[in-house]
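Participant:
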Amino acid sequence: MLYSLPSRELIADSVEYMVNAHCADAMVCISNCDKITPGMLMASLRLNIPVIFVSGGPMEAGKTKLSDQIIKLDLVDAMIQGADPKVSDSQSDQVERSACPTCGSCSGMFTANSMNCLTEALGLSQPGNGSLLATHADRKQLFLNAGKRIVELTKRYYEQNDESALPRNIASKAAFENAMTLDIAMGGSTNTVLHLLAAAQEAEIDFTMSDIDKLSRKVPQLCKVAPSTPEIPYGRCSPCWWCYRYSRRTGSRGVTEP
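In case it helps, my numbering puts the sequence shown at residues 1 to 258.
#1: So Asp-183 packs on Ser-131, CB below 8 Å; how close in whole Å?
#2: Entirely within the segment 158–212 and at least 4 residues each: give me those alpha helix (DSSP H) ranges in chain order.
#3: DSSP on Lys-224, reduced to helix/strand/coil?
#4: For Ala-199, which residues in the same chain have their Cβ closer than 7 Å to its Cβ, ignoring the five residues on either side in sequence?
#5: If distances are taken between C-alpha atoms only, which option among Gly-108, Ala-171 and Leu-47 comes closest to Tyr-17?
#6: Kindly indicate if chain C contains any beta-carbon less than 8 Å away from that of Lys-86.
#7: Do you know how far the Cα of Asp-34 is from the Cα of Ala-171?
#8: Ignore the nearest five residues each way along the sequence and tell me which others in Ser-216's own chain have a CB closer than 7 Å to its CB.
#9: Quick check: the Cα distance between Leu-10 and Val-19, rounded to an integer number of angstroms?
#10: Measure the C-alpha to C-alpha separation of Leu-222 and Ala-179 and round it to an integer number of angstroms.
#11: Quick one: what's Ser-125 bridged to in DSSP?
#12: Write down the C-beta distance between Gly-56 and Gly-104 rounded to the nearest angstrom, noting that I regard them as a contact closer than 8 Å.
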């Protein structure tokens, strides 16, 4: 994290600088990788102008044949294979060439995909933002819908003085609790703790480790996808909507639909 985490602050400051320098009325945040979404999230809550997030989407899971078995791969698998002295150069090369087959954020419930899901739970992005594959035809419609939505939010705020269209009013403390509940339920990246706390601070919301601890003692893990289990690669299902529907169907304490 020597350079990785400070890059989040640089991203947040850069977005704030450019938006203020050019007097932007609203933002469409197109983000994907680990520190970009949280950096933009921090900036949007700091600026508090109408905003919507649209991610580039996760890449498809890689696959290759090892020991006569077809296995699913991600970038971490390639890194592990490359560092293992028992793995031959040819085998390592095969894994590396197969690990990242398409564009998109790293396949798996890592930080990027976790944060893109959490923007849904915060109410700042549309359903499917965190799980619809980068290569899926429906992603174009996600962007078109985002364009329409940001125009609606901008008109509501500037023409109707409706402050409920602002990110600080959308991403309330209840929304942050909702996001962390989703994170626990879907087995998201532990880095999201760092990012949600930082975003809450920008929004001037009293959301702390104590709140996260309380939620972690009540909310079960409902969904397992890679890397929690190799059988279900990321992108085969929508963790957000699966958790929404499960909670609604069972009446259990879980994430609520934003």
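We put the beta carbon where it would ideally sit given N, CA and C, even for glycine. Here the structure is a predicted model, which is why all the values come from computation and not from measurement.
Facilitator: Taking the geometry as given:
#1: Not quite, the Cβ-Cβ distance comes to about 14 Å (not below 8 Å), so this is no contact.
#2: 167–170, 173–186 and 191–202
#3: coil
#4: Pro-38, Leu-41, Met-42 and Leu-45
#5: Leu-47
#6: As a matter of chain content, chain C is missing from the structure shown, which is built from one protein chain.
#7: Between the alpha carbons of Ala-171 and Asp-34 lies a gap of roughly 20 Å.
#8: Ile-184
#9: 14 Å
#10: Looking at the backbone, the Cα of Leu-222 and that of Ala-179 are separated by about 14 Å.
#11: Phe-53
#12: 6 Å
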